[in-house]
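Going by full-length UniProt numbering, the sequence shown opens with residue 1, and the numbers climb by one from there.
Here a beta-carbon is modelled for each residue, glycine too, at the ideal position from N, C-alpha and C.
Since the model is a prediction, treat every value here as computed from it, not as a measurement.
Worksheet: one structure, shown below.
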Amino acid sequence: MPDKISSLHMEMNALMKKINEMSWLNEKKYPTAALMYYMECVQMHLYYGEISQAKNHITTVQSLVGLGIELCGAYGKKTRFQSKATSQLLVKLRGKNNKKTSEIPSKIVDQFEYPSDLHLQDDTLLNKVSFVDDEDYRVDCLLPEEQLVLLAYCLLTKKKEAFDELLREEIMAYVNCILEQPKVWTIYIKALVMRCKLEKHLSRRVERSLMQLEAVIQSIKKNEPGFSVREYMLYAVDLPMIWSLERDLADLWMTLGGTKSALAIYEKLKSWEDIVKCYTRLGRTSCAEKLIREQLAIKETPYLWCLLGNVLDDRKMYLKADNLANGTNARACRSLGYYYYKRQEYKESIPYFEQALKINPLDSETCFSLGYAAHQCKDYSLACNSYRQAVALDQDNFKAWSNLANAFIRLDQKSSAWRCLKEALKFNYEEWRMWENFLLVSTDIGAFDDTVRAWHRLLDIKGKFYDPQILEILVKAVNKNLMDMEEKPSSRYRKQVLQLLGRLSAMVTTDYIFWESYASLLCPDPSKETDLDVLTQAVFYQQKAVTIASQTLGLEKDAEHFRMVMEKVLRLCDLQLEHIERLEEPALSRQRTVFKLTVSVVFAKARKYVNLCQGECRHNAEQLFSDIAAKANLIHNEIDML
């Protein structure tokens, strides 16, 4: 089946509902049978991307086996020339059954002709991690049931998180633990295949991946072990069929550039779509067209007409496929949709995507494409619905989460956008653009804790990030004690925002908004400040803000700039009045000198502006200037009196 079938999914769910009500399962009469059943449920849910349901069944399986699993760190070495042991991931098992008894028949536990676990032939990497205290971490005897639970954990970890280097290490820890003690043929084969897929993108391990997969395929083709051994746990493990493994081998050859080797395997499997890809890569498009037309001469199918459309990039071929299926073939509808989609004719592509999803609603890529096309056509309601369906089918699709957030913003539903961005960041933690969007949305809805967290993350990723508007909003919310999104006072974020400003102060040196915000946050009300050090620091930062503003704004030419700088000087005077009352010599004399120098430069420029003004504008400017000058003189007099 090329696609996930919705009707089959519904039928399987109905069957599970019936079985869950059966007495043999609820009374736990047959624990091994129950173990197999729950594992098959896990496989089905993972196939359809239902992570939470799969996790519930895995919890049930754990309770049946009585095994706790956690990842921990232990000192070890990964390379031959490593002199110092570093922390490595290790699977730790808790609550293991000390009796070491298993309900699995002994003839299956005994090892038969298993395929060899090939060693890594590398001059640098060790075959496996060499732990410093290896004996302390070795698992004495891992029962088949326990291996099944480990495998379930491994599969769930792979599905529920976006794939990255750390996730590969986690899965590899589970797989290595299983491979150390082969017990069940199907589990052992599944673990080997999973390791092959994990290693195929690693340059130092890809050779073993290829050789190991070939060894597994050859082992399956042998007569030994017999069916009774191979069949055990087959469905619980979801062991890939032989043709699926051969196709994986061909895909691996394609990754390595062995296109002709891959082509030979695809031709044997009659995988026409992959054969077409090989011919295209080899520059033999005419051979691909000839091959498909030969197959069409034998029997016409919508699938083959779609492939011919892909080769020729011809809409007529897709229409033939659609007509042949009377509009009931999802692939034909998708192909027509993508024909327009690639040409950025999004409005024309939407009906075909909708028809494809009506036939098969379980295709996450089509959901995403429909959402994007609707987004481009400014149909944000349709875009939201499509993206929601896409993330329901594929939870780690961070692009769908991010685009869904953007659509919600367009609909002015910023709280929903904020939640979507939080999900997107789980699956792509290093994307600075998403963190920037998250910062903006968090600020808009009053999630100031996330605003600070996002700002720190942007500094980690980019090294430097500064947004004066966001900073002003943050400081205003804290100083005025505004309510955040949880209807709690924002003053509780003061310490976090101060820590952020402390980090920013090393990189933001010439922005007056930053220094005034820092001074304002340190000392929102000078008359209530009891700590002299804090007040001194606030005065220093306000002086920097006044100096920078007077140098950069051009207050002698612009009314708005004049007013802004005068307000900053007024704020400095308020701070200074409180400050000087608590100072003693010689600090008082130094402060007088600094204050006089700061305001004298500003007043000289301000006087130029006042002299240039005419009429009402001059009257207002003179009034403001004289008020602030009077306050500055008052400070000078206060210092003299002290």
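Considering only C-alpha positions, which residue in the set the options is nearest to residue i?
i	options	result
Cys141	Met507, Glu431 and Gln181	Gln181
Val478	Val441, Cys523, Asn437 and Gly502	Cys523
Arg80	Ser130, Gly463, Ile58 and Tyr352	Ser130
Glu207	Val229, Leu192 and Leu252	Leu252
Cys82	Leu357, Ala447, Asp123 and Tyr339	Reading off the sequence, residue 82 comes out as Gln, not Cys. Cα-wise, what sits closest to Gln82 is Asp123.
residue 658	Glu436, Lys462, Ser505 and Thr186	For residue 658 there is no data in the structure shown, the boundaries of the chain being 1 and 642.
Val546	Ala538, Thr301, Val599 and Lys528	Val599
Glu40	Asn13, Trp24, Leu202 and Lys299	Asn13
Ala62	Lys84, Met44, Pro31 and Leu504	The sequence given here places Gln at residue 62; Ala does not occur at that position. Per the Cα distances, Pro31.
Lys608	Ser416, Met1, Gly283 and Glu622	Glu622
Leu118	Leu192, Leu46, Leu198 and Gln43	Leu192
Tyr541	Leu532, Gly554 and Leu572	Leu572
Glu170	Val229, Ser228 and Leu90	Leu90
Ser505	Arg494, Tyr518 and His45	Tyr518
Asn127	Met172, Glu146, Glu300 and Leu151	Met172
Met564	Val42, Ala606 and Gln591	Ala606
Gly502	Leu471, Pro489 and Cys384	Leu471
Asp322	Ser87, Tyr303 and Leu411	Tyr303
Arg315	Ala332, Gly327 and Glu300	Ala332
To which residues of the same chain is residue i closer than 6 Å at the C-beta, ignoring the five residues directly before and after it?
i	result
Pro115	Ala215, Val216 and Ser219
Pro361	Ser6
Phe368	Ala390 and Ala400
Gly337	Ser349, Tyr352 and Phe353
Gly446	Asp484 and Met485
Ile628	Met566, Val569 and Leu570
Lys92	Glu70 and Cys72
Met233	Val184 and Thr186
Gln496	Val452
Met507	Lys464
Arg343	none
I need the DSSP call for residue i, collapsed to helix, strand or coil.
i	result
Gln344	coil
Pro302	helix
Thr443	helix
Thr157	helix
Arg94	strand
Met172	helix
Met44	helix
Pro468	helix
Gln82	coil
Gln181	coil
Gln413	coil
residue 648	Past the edges of the chain, shown from 1 to 642, lies residue 648, and the structure says nothing about it.
The alpha helix (DSSP H) spanning residue i covers which residue range?
i	result
Ser505	Here Ser505 belongs to no alpha helix (DSSP H), and DSSP marks it neither H nor E.
Phe227	Phe227 to Glu231
Gln121	Element bounds for Gln121: n/a, residue is neither H nor E.
Met483	Here Met483 belongs to no alpha helix (DSSP H), and DSSP marks it neither H nor E.
residue 646	Missing from the structure shown is residue 646; the chain here goes from 1 to 642 and no further.
Met211	Val206 to Lys221
Ser63	Ile51 to Val65
Glu11	Ser6 to Asn20
How would you label residue i, buried or exposed, when you count the other beta carbons within 10 angstroms and need 16 or more for buried?
i	result
Ser442	buried
Cys154	buried
Leu8	exposed
Glu50	buried
Ala407	buried
Ile242	exposed
Leu15	exposed
Gln121	exposed
Ser203	exposed
Ile108	For Ile108, the predicted structure reports a pLDDT of 48, less than 50, and the residue's modelled location is therefore unreliable. A value from the coordinates is still provided. Result: buried.
Gly76	buried
Gly283	exposed
Val149	buried
Thr366	buried
Arg590	exposed
Cutting at 7 Å between CB atoms, please list the residues of its own chain near residue i, excluding the five before and the five after it.
i	result
Lys99	Because Lys99 carries a pLDDT of 46, less than 50, the predicted location of this residue cannot be relied on, and the following value inherits that uncertainty. Answer for Lys99: no residue qualifies.
Arg281	Thr259
Pro105	Annotation note: pLDDT 49 at Pro105 (below 50); position unreliable, no value reported.
Val311	Val276, Thr285, Ala288, Glu289 and Ile292
Glu11	none
How far does the beta strand (DSSP E) with residue i in it extend, from its first residue to its last?
i	result
Lys128	Leu125 to Phe131
Cys72	Gly68 to Thr79
For a test of your reading of the model: does the CB of residue i fall under 8 Å from any non-hydrogen atom of the ligand ZN? Yes or no.
i	result
Asp122	In the structure shown, the ligand ZN is absent, as is every other ligand, since no ligand is present at all.
Closer than 8 Å by C-beta to residue i: which residues in its own chain qualify, once you throw out the five before and the five after it? Chain order, please.
i	result
Lys4	Tyr47, Tyr48, Asn360, Leu362 and Asp363
His578	Reading off the sequence shown, one finds Glu at residue 578, where the question assumed His. Excluding sequence neighbours, Glu578 sits near Pro526, Ser527, Glu529 and Leu535.
Ser42	The displayed chain sequence assigns Val, not Ser, to residue 42. So the qualifying residues of the chain are Ala54, His57, Ile58, Val61, Ala152, Leu155 and Leu156.
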